[in-house]
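Peer 1:
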Amino acid sequence: MTKLLVIQAHPHIDNSLSLTVGKQFIKSYKQSHPQDEVIVRDLFDGSVPPLNDQTMEAWRKQKFNEPLTDDEKALLDQHSIWLDEFISADKYVFINPMYNHFLPAELKQYLDITAVAHKTFKYTVNGPVGLLTDKKLIHIQAAGNFYHDEHGNDQMAMMDLGDAYLTHMANFYGIDQIEKLFIEGADAKPDQRENILSTALIQANVMAKTF
Numbered sequence: 102m103t104k105l106l107v108i109q110a111h112p113h114i115d116n117s118l119s120l121t122v123g124k125q126f127i128k129s130y131k132q133s134h135p136q137d138e139v140i141v142r143d144l145f146d147g148s149v150p151p152l153n154d155q156t157m158e159a160w161r162k163q164k165f166n167e168p169l170t171d172d173e174k175a176l177l178d179q180h181s182i183w184l185d186e187f188i189s190a191d192k193y194v195f196i197n198p199m200y201n202h203f204l205p206a207e208l209k210q211y212l213d214i215t216a217v218a219h220k221t222f223k224y225t226v227n228g229p230v231g232l233l234t235d236k237k238l239i240h241i242q243a244a245g246n247f248y249h250d251e252h253g254n255d256q257m258a259m260m261d262l263g264d265a266y267l268t269h270m271a272n273f274y275g276i277d278q279i280e281k282l283f284i285e286g287a288d289a290k291p292d293q294r295e296n297i298l299s300t301a302l303i304q305a306n307v308m309a310k311t312f
């Protein structure tokens with residue numbers, strides 16, 4: 102059974118364009134792929150496993166086969182659950198707003214805990230090689246201004262550091278089948294908000310059917 106993992110990185114607000122389009126994508130995907138398993142990992146519903154001094158100490162102990170405390174065991178178990186879920190997926194949908202030209206901190210932390218040597222990538226004499234090959238990813242992102250519009254403004258596109266970073270990390274993991282759905286300009290042109298949303302919803306339906 103094909104597994105679709107939805108990584109949702111957005112506060113729970115009613116007027117979110119990215120969440121609205123993301124929900125439509127999921128709905129359309131389920132209708133088009135009724136046999137597939139769909140898992141939603143909401144990064145704002147509970148905490149992403151931390152990368153802190155306790156995590157580093159637990160990893161050090163694990164490496165040298167030293168005894169772990171109960172808290173350290175629970176922490177590493179939490180990391181393993183999230184990592185195994187990520188690795189086992191066949192397809193990924195990342196849903197987020199642009200925050201100051203980048204990703205929400207919760208999503209950056211999620212990418213940090215999934216970048217694990219010998220799990221999602223490996224070291225070779227020619228440099229790191231991704232281990233998550235033959236997988237697909239779609240990035241759904243909303244932004245108040247226009248960064249990827251039909252005019253092809255390269256300077257504005259370069260300001261979207263979040264999508265560039267997510268794309269880089271996906272490639273680093275070995276994922277090279279990447280699609281993108283940008284919902285942009287609703288703050289720059291509020292009078293066009295409904296048209297922007299309608300266009301994105303249509304795109305979501307079309308992309309979900311072939312993803």
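Going by the working numbering, the letters in the sequence shown line up with residues 102 to 312, in that order.
C-beta: ideal position from N, C-alpha, C; glycine also.
Which residue from Phe126, His249, Ala216 puts its Cα closest to that of Leu152?
Peer 2: For Leu152, the nearest C-alpha among the options comes from Ala216.
Peer 1: Which term fits Gly286, buried or exposed, when burial requires 16 or more other beta carbons within 10 angstroms of its beta carbon?
Peer 2: Classification of Gly286: buried, given that the 10 Å Cβ count is 16 or more.
Peer 1: Could you tell me which residues DSSP pairs with Lys192 in its beta bridges?
Peer 2: Lys192 is bridged to Leu105, Lys237.
Peer 1: Starting from Leu143, trace the beta strand (DSSP E) in both directions and tell me its first and last residue.
Peer 2: Note that residue 143 corresponds to Asp in the displayed sequence, not to Leu. 138 to 143 is the extent of the beta strand (DSSP E) around Asp143.
Peer 1: Are there 16 or more other CB atoms within 10 angstroms of the CB of Ser119, so buried, or fewer, so exposed?
Peer 2: Classification for Ser119: buried.
Peer 1: Could you name each continuous beta strand (DSSP E) segment of 3 residues or more that falls completely within the region 262 to 307, going from the start of the chain to the end?
Peer 2: Taking only runs of at least 3 residues, the beta strand (DSSP E) segments lying wholly in the region 262 to 307 are 278 to 285.
Peer 1: Would you kindly check if the distance between the Cβ of Ala190 and the Cβ of Leu106 is under 8 Å?
Peer 2: Yes; because the gap between Cβ atoms is below 8 Å, this pair is in contact.
Peer 1: Checking the sheet assignment: what are the DSSP bridge partners for Val122?
Peer 2: According to DSSP, Val122 bridges with nothing at all.
Peer 1: Inspect the beta-carbon positions of Ile239 and Phe312 and report whether they are closer than 8 Å.
Peer 2: Yes, Cβ-Cβ distance for Ile239 and Phe312 is below 8 Å.
Peer 1: So Leu282 and Met308 are in contact, right, with Cβ under 8 Å, and what is the actual spacing, rounded?
Peer 2: So it is a contact: roughly 6 Å between Cβ atoms.
Peer 1: Answer yes or no: do Ala301 and Val122 have a C-beta to C-beta separation smaller than 8 Å?
Peer 2: Contact: yes.
Peer 1: Just curious, the alpha helix (DSSP H) that Met260 is in, first and last residue?
Peer 2: Taken as a continuous stretch (DSSP letters only), Met260 belongs to no alpha helix (DSSP H), as it is neither H nor E.
Peer 1: Taking one C-beta from the region 131 to 151 and one from the region 218 to 229 each time, how about it: are there three or more such pairs within less than 8 Å?
Peer 2: At 8 Å Cβ cutoff, the stretches do not touch.
Peer 1: If we ignore side chains and look at the alpha-carbon of each, how far apart do Asn62 and Lys128 end up?
Peer 2: As displayed, the chain neither begins before 102 nor continues past 312, which places residue 62 out of reach and without an answer.
Peer 1: Do Leu233 and Ile279 have their C-beta atoms closer together than 8 Å?
Peer 2: Contact: no.
Peer 1: Got a sec, what are the start and stop residues for the alpha helix (DSSP H) Tyr211 sits in?
Peer 2: Here the alpha helix (DSSP H) through Tyr211 covers 206 to 215.
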